[in-house]
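In the working numbering, the protein residues as written are 7 to 410. Here's the structure, in structure tokens; my notes come after.
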């Protein structure tokens, strides 16, 4: 028998598993089209119970309550041509212990729920048994080359253990997602005259930024700051809500690492950037000043000088550049305001980098002032695409940084 194949869409991990999702709607969202509802999810759960029980009765040793799904042999014509999946991987059959893989001749939903007739209806096979069936009937994709009978386009494999799949559950998915997002962003830049000036400054690749952040000795400390963001402190929308704060904080960490900031300076910058819009929940017109006050009230044990720096940067970010100096001096940060000015400019640049969330047609790269910040415009576009179109995958990607 040939390799086992897994088909998946580019906006999901190759072995994204429903048991990691908070609800069945998240699980159904991993499919390329919204063609499945909660009724399908319940039927799938019942079907898996039946398959597991039958497999156990035949000596199988499933380690999971819900299997991962693969198919026997190449089925591009069905999964890519008809179902719309855009990616696949194959794993040699010998990588799988026969005691953790079961088979149905056709899609298990119709096979196990009385929707097909014949000898394979309601049958769950072991590896030896499915080989015998193939010897008699042949491979479904050869018997049904035109995909006229969808339930017999492939042999479905239920993989009841994560062990043979573990190496495909992180790096493959991450790199595949990055390449897909970067290709879309590059095509957008090339097609938009107003964006072509981005290429005047060398742009950081997504993988390069992730690698740089991972290698920093305090990466876990910085990323924990992202993990501590509280959605209730932000407006409940995509423009000024927590996802905007998340992206801006990622830009901030990247820039601080690129610039070689100290741990303390980076933490001050992160607090200023991640809290720059919290005041909008109270007074949008004066959200800079209000946000500074909210930060003070929510952090009673903060270092006194650091508190003034963060408050000044939050307050100043919504004002024109010529007005920033007067605001900074009002916070008594000392005669040398260069340090707080640098933090304030960083807040403004991170906010400006995320202007692309409002749409590329109105985006002006000149909003970004810092030279090294200009090199993150492409990265900002990629992160926006990930968080808007693939919210689960983008957060998982950065959680992997945190846990590496």
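Glycine included, each C-beta is placed from N, C-alpha and C at the ideal position.
Can you tell me the Cα-Cα spacing of residue i and residue j, whole angstroms?
i, j, result
"residue 113", "residue 162", "6 Å"
"residue 391", "residue 191", "8 Å"
"residue 277", "residue 309", "12 Å"
"residue 28", "residue 168", "Per-residue confidence for residue 28 stands at a pLDDT of 41, beneath the threshold of 50, marking its modelled position as unreliable; no derived number is given."
"residue 279", "residue 51", "44 Å"
"residue 143", "residue 158", "11 Å"
"residue 216", "residue 195", "22 Å"
"residue 254", "residue 61", "50 Å"
"residue 91", "residue 131", "26 Å"
"residue 146", "residue 47", "25 Å"
"residue 75", "residue 362", "38 Å"
"residue 370", "residue 380", "11 Å"
"residue 393", "residue 303", "30 Å"
"residue 218", "residue 267", "13 Å"
"residue 141", "residue 134", "11 Å"
"residue 137", "residue 189", "41 Å"
"residue 86", "residue 292", "52 Å"
"residue 221", "residue 374", "26 Å"
"residue 427", "residue 330", "Lying outside 7 to 410, the shown extent of the chain, residue 427 is not represented and no answer is given."
"residue 289", "residue 337", "21 Å"
"residue 376", "residue 102", "53 Å"
"residue 265", "residue 198", "30 Å"
"residue 237", "residue 120", "47 Å"
Is residue i helix, strand or coil when you go by DSSP?
i, result
"residue 114", "helix"
"residue 130", "coil"
"residue 234", "coil"
"residue 361", "helix"
"residue 191", "helix"
"residue 324", "coil"
"residue 109", "strand"
"residue 97", "strand"
"residue 11", "strand"
"residue 147", "helix"
"residue 54", "helix"
"residue 172", "helix"
"residue 214", "helix"
"residue 313", "helix"
"residue 123", "coil"
"residue 46", "helix"
"residue 348", "helix"
"residue 74", "strand"
What do you reckon, is the C-beta of residue i under 7 Å from a heavy atom of the ligand NAP?
i, result
"residue 172", "The ligand NAP is absent from the structure shown, which contains no ligand whatsoever."
Within 10 Å of its beta-carbon, does residue i have 16 or more other beta-carbons around it, so buried, or fewer, so exposed?
i, result
"residue 118", "buried"
"residue 355", "buried"
"residue 317", "buried"
"residue 244", "exposed"
"residue 364", "exposed"
"residue 73", "buried"
"residue 81", "buried"
"residue 360", "buried"
"residue 173", "exposed"
"residue 31", "Because the pLDDT at residue 31 is just 43, under 50, the model does not fix this residue reliably, and the point stays unresolved."
"residue 187", "buried"
"residue 307", "exposed"
"residue 150", "buried"
"residue 313", "buried"
"residue 54", "buried"
"residue 296", "buried"
"residue 332", "exposed"
"residue 357", "buried"
With C-beta atoms as the reference, is residue i less than 8 Å away from residue j?
i, j, result
"residue 273", "residue 378", "no"
"residue 350", "residue 322", "yes"
"residue 13", "residue 63", "no"
"residue 58", "residue 106", "no"
"residue 301", "residue 270", "no"
"residue 184", "residue 212", "yes"
"residue 257", "residue 247", "no"
"residue 160", "residue 77", "yes"
"residue 305", "residue 283", "no"
"residue 353", "residue 334", "no"
"residue 97", "residue 235", "no"
"residue 70", "residue 166", "yes"
Q. Can at least three beta-carbon pairs, one atom from the region 122-132 and one from the region 97-113, be found at a separation below 8 Å?
A. Cβ pair count under 8 Å is three or more, so yes.
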